[in-house]
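FYI, our numbering numbers position 75 of the sequence shown as 402, with every residue one higher than the one before it. For every residue, glycine included, the Cβ atom is placed at its ideal position computed from N, Cα and C. For clarity, every value in this text was computed on a predicted model and none was experimentally measured.
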Amino acid sequence: MVLSANQFREQIRSGLHTGPTSGFCEGFVQANLAVLPKEEAFDFLLFCQRNPKPCPIIDVTDVGSAVPKLSAPGADLRTDIPKYRIYEKGALVDEPTDLMNYWRDDLVGFLIGCSFTFEEALVRNGILMRHNEEGVNVPMYRTSIETVPAGRFSGPTVVSMRPVRNEDIVRAVQVTSRFPSVHGAPVHIGNPEEIGIEDLSRPDYGDPVTIREGETPVFWACGVTPQAVAMHTKPALMITHAPGHMFVTDLKTESLGVI
């Protein structure tokens with residue numbers, strides 16, 4: 328049975344779903360999370376505007392509110408993600424399953440487009456997702472591609488990687504280009520060393536996957552970039568999702584597609 332976004336969030340909230348969200352809730356937009364104090368929020372919003380490939384904005388909450396009014400008005404960002412990360416001065420200090428002990432009245436939540444959203448379109452076009460086949464989290468890597476700074480925020484772009492059969496690469500580019508709000512077309516195809524990745528078997532986030540003969544690694548900008556930025560710029564507090572553990576919105580995937 329295919330769950331609605333609200334039903335899936337209820338499973339997360341009740342602890343029935345605790346793992347990555349790739350492959351779940353087909354047809355609904357998934358999003359990365361970044362939460363910052365109000366005094367940091369404008370600079371981060373500007374950072375996202377200057378870096379739309381890794382940080383395409385889906386929704387922004389009111390100060391102190393955990394409700395994403397535009398994308399999921401019945402949801403709660405404090406409870407509706409399977410696992411979170413708490414960064415203090417750039418250091419990862421906790422990975423809670425809810426934010427009830429961390430939420431404050433001065434916090435602003437940002438929902439950022441996630442490539443899990445366009446995976447279903449790739450699968451419909453016969454391009455299978457290896458991380459789902461192998462039952463692991465998608466591999467993600469910090470790169471030598473620098474983001475455009477804004478205020479105090481700067482750092483490396485993070486990418487997600489999916490092996491694609493050589494004959495399907497053009498189609499993969501065409502399919503994902505339709506979804507600029509969830510990272511769009513790949514940022515790199517082929518040799519990972521050209522973007523500063525030394526070893527595909529050792530991702531910075533997520534898990535390694537098998538690359539078979541006749542396949543090429545394809546890299547998309549990734550919404551985990553704010554976590555690399557947090558480690559680089561060391562704000563007093565940044566809250567994010569744990570890599571692969573996304574927020575599922577009420578928005579339909581096709582609503583973000585462009586012709």
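Near residue i, what residues of its chain come up, given a Cβ to Cβ distance below 7 Å and the 5 sequence neighbours on each side ignored?
i	result
glycine 440	Ala358, Pro383, Ile385, Ser508, Val509, His510 and Gly550
serine 528	Pro535
phenylalanine 480	Asp370, Phe371, Phe374, Val556 and Thr560
isoleucine 524	Tyr468 and Thr470
valine 450	Met456
glycine 346	Pro409
Might you give, ordered along the chain, the residues of its own chain that have their beta carbon closer than 8 Å to the beta carbon of residue i, omitting 5 neighbours on each side?
i	result
proline 490	Arg457, Val536, Thr537, Ile538, Arg539, Glu542, Thr543, Pro544 and Val545
histidine 344	Phe335, Gln338, Phe351 and Pro409
Beta-carbon separation of residue i and residue j under 8 Å?
i	j	result
valine 485	arginine 469	yes
histidine 568	leucine 360	yes
leucine 363	valine 463	no
proline 409	threonine 424	yes
isoleucine 522	serine 471	yes
aspartate 577	phenylalanine 355	yes
glycine 417	methionine 467	no
valine 394	lysine 365	no
proline 553	glutamate 367	no
glutamate 473	leucine 564	no
Using a Cβ-Cβ cut-off of 6 Å (strictly less than) and excluding sequence neighbours within five positions of residue i, which residues of its own chain qualify?
i	result
glycine 350	Asn459
threonine 406	Arg340 and Asp425
valine 420	Ile413
alanine 448	Val502
alanine 477	Asp370, Leu373, Phe374 and Arg377
Could you compute how far the alpha carbon of residue i sits from the alpha carbon of residue j?
i	j	result
glutamate 422	arginine 492	35 Å
alanine 557	glutamate 446	27 Å
isoleucine 516	cysteine 375	24 Å
glycine 571	glutamate 337	18 Å
alanine 555	arginine 377	16 Å
alanine 512	arginine 505	8 Å
valine 289	asparagine 452	There is simply no residue 289 to check, as the chain begins at 328 and stops at 586 in what is shown.
alanine 548	methionine 427	30 Å
glutamate 520	proline 400	43 Å
isoleucine 454	aspartate 495	7 Å
lysine 579	proline 483	30 Å
valine 502	threonine 444	12 Å
glutamate 581	glutamate 353	11 Å
aspartate 403	glutamate 461	31 Å
serine 331	lysine 396	18 Å
tyrosine 411	isoleucine 566	7 Å
aspartate 432	valine 500	42 Å
valine 311	tryptophan 430	Outside the modelled stretch of the chain, which goes from 328 to 586, sits residue 311, for which no answer is possible.
aspartate 531	glycine 342	27 Å
valine 329	asparagine 518	37 Å
Am I right that residue i and residue j are in contact with their C-beta atoms under 8 Å? What's the rounded C-beta distance?
i	j	result
lysine 380	valine 514	6 Å
methionine 488	threonine 348	Contact flag wrong, Cβ pair sits at about 18 Å.
serine 398	leucine 438	6 Å
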